[in-house]
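Note that our numbering has the sequence shown beginning at 6, numbered continuously upward.
Glycine residues also receive a C-beta, built at the ideal position from the N, C-alpha and C atoms.
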Amino acid sequence: MEWIQAIVIALVIAFVIRTFFFTMIRVDGQSMEPTLHHNDRLIVTKFMYKPKQGDIIILRPPMHKDTPYVKRIIALPGQEVNIDFENKIVYVDGVPLDEPYIAEPTATKGDIDFPVVVPEDTVFVLGDNRNRSRDSRFSDVGMIPFDSIIGKATIRLWPLKDFGSIYK
């Protein structure tokens, strides 16, 4: 009977860790290339996460709650986002972003008008593969409420050749 108790305790501990501290997620799609690739496996930190500009997060958009998205935080509450689609430059508070992580400049417009100020308790997110990403440029995703954020992606577990921090 002691082994049953040990199994139950182990399951409870695993449940608590997965629910409140860490989880694992599989990247589905190409919207975060070249940083992350389809089928990459990531560890996501959930415990006491506070959104920061540049973080790669896992989220559930309000209009797509069944599908976890992986995106990068571009702007925080109160910041102004503007995208110059002619010159393909993203600005936050009038400053052009230095984005060495994108494969090609932002050309896809979406259906919201710019500039836009990020409302309280939300973030503005974009995929690194800007021209193949459904993100805050589109009204069906929009600004992401803090309570829709699952956590921050921190470590790539798979493929093994890319194991390690996703922030290089």
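Closest to residue i by CA distance: which of the options is it?
i	options	result
K114	P105, G83, N87	N87
I62	D167, S170, G169, I155	I155
L131	I171, Q58, S170, K76	K76
P110	G59, P101, A80, V146	P101
G99	Y106, A80, K173, E91	A80
R142	V95, L165, A108	V95
P105	G147, T28, D133, S170	D133
Y74	I12, D167, I117, G34	G34
R65	G147, E91, F52	G147
K173	D60, I12, L165	D60
V123	Q84, P39, D89	Q84
Q58	S138, A112, E7, V97	V97
Buried or exposed for residue i, please, with buried defined as at least 16 other CB atoms from any protein chain shown within 10 angstroms of its CB.
i	result
T72	exposed
A37	It is Met, not Ala, that sits at residue 37 in the sequence shown. M37 is buried by the Cβ-count criterion.
F129	buried
A158	buried
D145	exposed
I107	buried
I78	buried
S170	exposed
D140	buried
Between the alpha carbons of residue i and residue j, how many angstroms are there, rounded?
i	j	result
I160	D126	26 Å
I9	V49	30 Å
Y54	V32	20 Å
P150	H43	25 Å
D152	P82	14 Å
D45	W163	5 Å
D118	N92	16 Å
K70	I30	15 Å
D167	V121	36 Å
L41	L165	13 Å
Look up residue i in the DSSP assignment and give the residues it is bridged to.
i	result
I200	For the chain, the structure presents residues 6 to 173; residue 200 sits outside this window and is missing.
M29	I48
N87	Y96
P101	Y96
For the ligand ZN, is there any heavy atom lying closer than 8 Å to the beta carbon of residue i?
i	result
K157	Ligands displayed in this structure: none; no statement on the ligand ZN is therefore possible.
Runs of alpha helix (DSSP H) wholly within the region 120–173 (minimum 4 residues, chain order): none
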